[in-house]
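Per my numbering, the sequence shown starts with residue 10, numbered consecutively. Take a look at the structure below.
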Amino acid sequence: MRLILTDDYEALSRLGADLIAAFVADQPTATVVLATGNTPMGAYRELAARRGEGNFDATKLRVCQLDEYLGLTDDDDRSLYGWMDRSFLQPQSVPDENVLRLTANDSDPDAACRTYDETLATAGGYDLSVLGLGPNGHIAFNEPPAQNDSPTRVVTLSEESLDSNAAYWGGRDRVPLRAVTAGLAQLLAARQTILLVSGAHKRDVLGKVLYGPVTPDLPASYLQLAQNVTVIADRAAAPLYVLGVDGGNTKTIALVATLDGTVIGTGRGGCGDIYGAGSAQAGLSSIYDAVDSALSSAGITADRLTAACFSLAGADWPEDFQFLETELRAHGYDGKIKIVNDAIGALRSGCTNGWGVGVACGTGCATSAIAADGKAWHASFWQNGGGAAGLGYTALRAVFDAELGLVPPTALTAALLPFFQQPNVEELLHQFTRRGGTAPGKVDQLAPTVLDVAAAGDAVAVRLIKEQGALMGDYALAAARKVGIEADAYELVLTGSVFRHSSPLLVDAIVARVQSKSPAAVPVQSNNEPVFGAVLMAMELANVPVDRSIRDQLRATIPGAEFFATHPDAKS
Ligand code: PGA
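Given below as structure tokens:
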């Protein structure tokens, strides 16, 4: 089933009309079954307008009735046929002989139902079915429980249906107690189905139809097994949401997404690392800042979240996970929660099948691995060196060594002195080491300069990039070994700002080292933001299969790069 969410009922109606019109343009003589009820009326009005403009022609369709009350005369205005006639058949001038009716007359309804099914079978079944969803999970009047092989037949209306139809009849006691309905067997065999769902009162039932078990107690759930089903729901009916959070040392990002992968809320906070934020509470409050603003920009409260994944720097030891979970739950995120280290989130943001080895190269280097069976490991405190800081400090060291003649002269010297605004190497060393002094600049911000110098051919810079790449490659191999995938064709997912430099030297060095022991490893360079991985994991936690369309939708709706830029006020 494909779920498409629209902002409101008008947009739902336009999109429903678009899909119906595209279908009819393609198959003008198709057999279609059309629901009455309130939900499809906007789409039918839209189609009537398009007919007026010469953009829609239903006159060659065979139009079948979906359901009918029993015990009326066939020309009773209150019949569902009457409703269909006013809303679709007349505005579209569908000839009477093209309409396959259900009987409203209770003289021999069983025989009439059999005739309907025979006529339908001769026509080859429904090509297109346009349905609404009952509050009790019915489609047509297939009231629960309904088996998936039930034919067109007489049914007794459920209490819920009597309630929801009371308004149309001017009182519950006036609603006919029996009805005829197109069979589930016939509806589920339709070659294409469009299910239209609008309004907050349908939210819970839609959630079950989409993601709950397939059961006779919820007849619409059988649509999960039918071919080519598109569910169009407006935001009010959108059942639930997921939250993905990426908490790092410079910033914390939170995104709220609908279950089709549309990002509808964003928030930012400062350092969300319970080790790096000064205190664990300070880290938590950055996370709350980001999440609370993402929820408020989405216009929802935390109780609408069906799943949340927190991908956090500083989620390292068992007590960290325990602490974070207790605190987050106490703060009100009480649905399904998953907490992972941010190295895992970064890997998930870039791997295609949910497993592989990740090297995230930002200020530091974060290495992780996930096996196909879900076993995961991240290096965290095991890891020493790598990342932009590793490149910066080794470059600085090379400049000092070159000054002493321990290594050959290097163009790094001429590049680093202006970077730190120092006149010579001795003064540079002095500034870094003098009593009571502070570093004259941020060493981890040197990485692009070091890569530039190496790309221009400087032998010392090239050597140190290769060494740093080999070091990061070794940690990647260690991670692969930890989860037992070293011999497999795993994706080696490279994320983070350092890899975005135009020189391939660092990437090549990492890949060469990894492939020396894991020859089948496939390097993947990803520009996805790490929070992307957290949202995907939240989707999985919500039992939503993460497919291509969800990834594409997330990519299309995730905020632009400026949203992720390091905040001037954030701790860097
Ligand atoms: P509604 O009815 O479109 O009026 O909500 C749907 C149904 O009960 O099938």
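No residue lacks a Cβ here, since even glycine has one placed at the ideal position from N, Cα and C.
Asked, Found
"Quick check on Phe150: does DSSP put it in helix, strand or coil?", "coil"
"For Asp85, decide whether its Cβ has a neighbour in chain B, counting only Cβ atoms nearer than 7 Å.", "As a matter of chain content, chain B is missing from the structure shown, which is built from one protein chain."
"Take Gln430 and list the residues in its own chain whose beta-carbon comes closer than 8 Å to its own, dropping the five residues that flank it on each side.", "Pro449, Gly450"
"Measure the alpha-carbon distance for Phe97 versus Arg71 and round it to whole angstroms.", "13 Å"
"Rounded to a whole number of angstroms, what is the C-alpha to C-alpha distance between Ala106 and Ala247?", "Reading the sequence as shown, one finds Glu at residue 106 and not Ala. Looking at the two C-alpha atoms, the distance is approximately 39 Å."
"Which class does Asp27 belong to by DSSP, given the choice of helix, strand or coil?", "helix"
"Put Tyr231 into one of helix, strand or coil per three-state DSSP.", "helix"
"Output the residue ranges of the beta strand (DSSP E) runs that lie fully inside the segment 260-320 and measure 3 residues or longer, sorted by chain position.", "261-267, 272-278"
"Taking only the alpha-carbon atoms, compute the straight-line gap between Ala4 and Leu425 and give it to the nearest angstrom.", "No information on residue 4 is available, as it lies outside the stretch 10 to 581 that the chain covers here."
"Given His576, which residues of its chain have a CB within under 7 Å of its CB, disregarding the five upstream and five downstream residues?", "Below a pLDDT of 50, predicted positions are generally treated as unreliable, and His576, at 46, falls in that range; the measurement from the model is reported next regardless. Only Lys260, Arg277 meet the Cβ criterion."
"Taking 8 Å as the cut-off, does the segment 127-143 touch the segment 175-184 (at least 3 CB pairs, one atom from each stretch)?", "no"
"So the candidates are Val108, Ser102, Val272, Leu204; which of them puts its Cα closest to the Cα of Arg565?", "Here residue 565 turns out to be Ala, not Arg, going by the sequence shown. Closest option to Ala565, Cα to Cα, is Val272."
"Under the criterion of a Cβ to heavy atom distance below 6 Å, does Gly143 qualify as lining the ligand PGA?", "yes"
"Using the DSSP secondary-structure output, state which residues sit across from Lys345 in a beta bridge.", "Ala316"
"Just the Cα atoms here: how many angstroms apart are Gln236 and Gly216?", "19 Å"
"Below 6 Å, is the gap between the Cβ of Thr68 and the nearest heavy atom of the ligand PGA?", "no"
"Check for me: the alpha helix (DSSP H) holding Ala468 runs from which residue to which?", "468-491"
"Note the first and the last residue of the continuous beta strand (DSSP E) segment covering Ile203.", "201-206"
"Just to confirm my understanding: we take Ser167, look at its own chain, exclude 5 residues before and 5 after, and list those with CB closer than 8 Å. What are they?", "Asn145, His147, Glu152, Pro153"
"Tell me the rounded alpha-carbon separation between Pro49 and Gly91.", "15 Å"
"Would a C-beta distance cut-off of 7 Å place Leu501 and Ala479 closer than the cut-off?", "no"
"According to DSSP, Glu500 sits in a beta bridge with which residue or residues?", "Val531"
"Could you check how far apart the C-beta atoms of Leu550 and Lys347 are, in whole angstroms? I think they sit under 8 Å.", "5 Å"
"Note down the Cα distance separating Glu624 from Arg110, rounded to an integer number of angstroms.", "Since the first and last residues shown for the chain are 10 and 581, residue 624 lies out of range."
"Counting beta carbon pairs with one atom in the segment 520-534 and one in the segment 321-333, are three or more of them shorter than 8 Å?", "no"
"Is the separation between the beta-carbon of Cys280 and that of Ala289 shorter than 7 Å?", "no"
"Using the rule of at least 16 other Cβ atoms within 10 Å of the residue's Cβ for burial, across every protein chain shown, is Ser116 buried or exposed?", "exposed"
"Kindly identify the DSSP beta-bridge partner or partners of Gly138.", "Note on residue identity: the sequence assigns Ser, not Gly, to residue 138. According to DSSP, which records beta bridges pairwise, Ser138 is partnered with Val42, Thr202."
"Tell me whether Leu563 sits in a helix, a strand or coil according to DSSP, three-state version.", "helix"
"Rounded to whole angstroms, what is the Cα-Cα separation between Ala311 and Ala242?", "21 Å"
"Using a Cβ-Cβ cut-off of 7 Å (strictly less than) and excluding sequence neighbours within five positions of Thr224, which residues of its own chain qualify?", "Ser230"
"For the alpha helix (DSSP H) that contains His510, what are its first and last residues?", "Note, His510: premise wrong, no alpha helix (DSSP H); not H, not E."
"Alpha carbon to alpha carbon, how far is Thr267 from Lys580? Give it in angstroms, no decimals.", "In this prediction, Lys580 scores a pLDDT of 35, lower than 50, which makes its location untrustworthy; no coordinate-derived value is stated."
"According to the Cβ coordinates, are Ala380 and Gly493 closer than 7 Å?", "yes"
"With DSSP as the reference, identify every bridge partner of His387, one or two as the case may be.", "Ser377"
"Among the residues of its own chain, which have a CB less than 8 Å from the CB of Gln440, if the five just before and after it don't count?", "Phe429, Gln431, Gly446, Ala448, Pro449"
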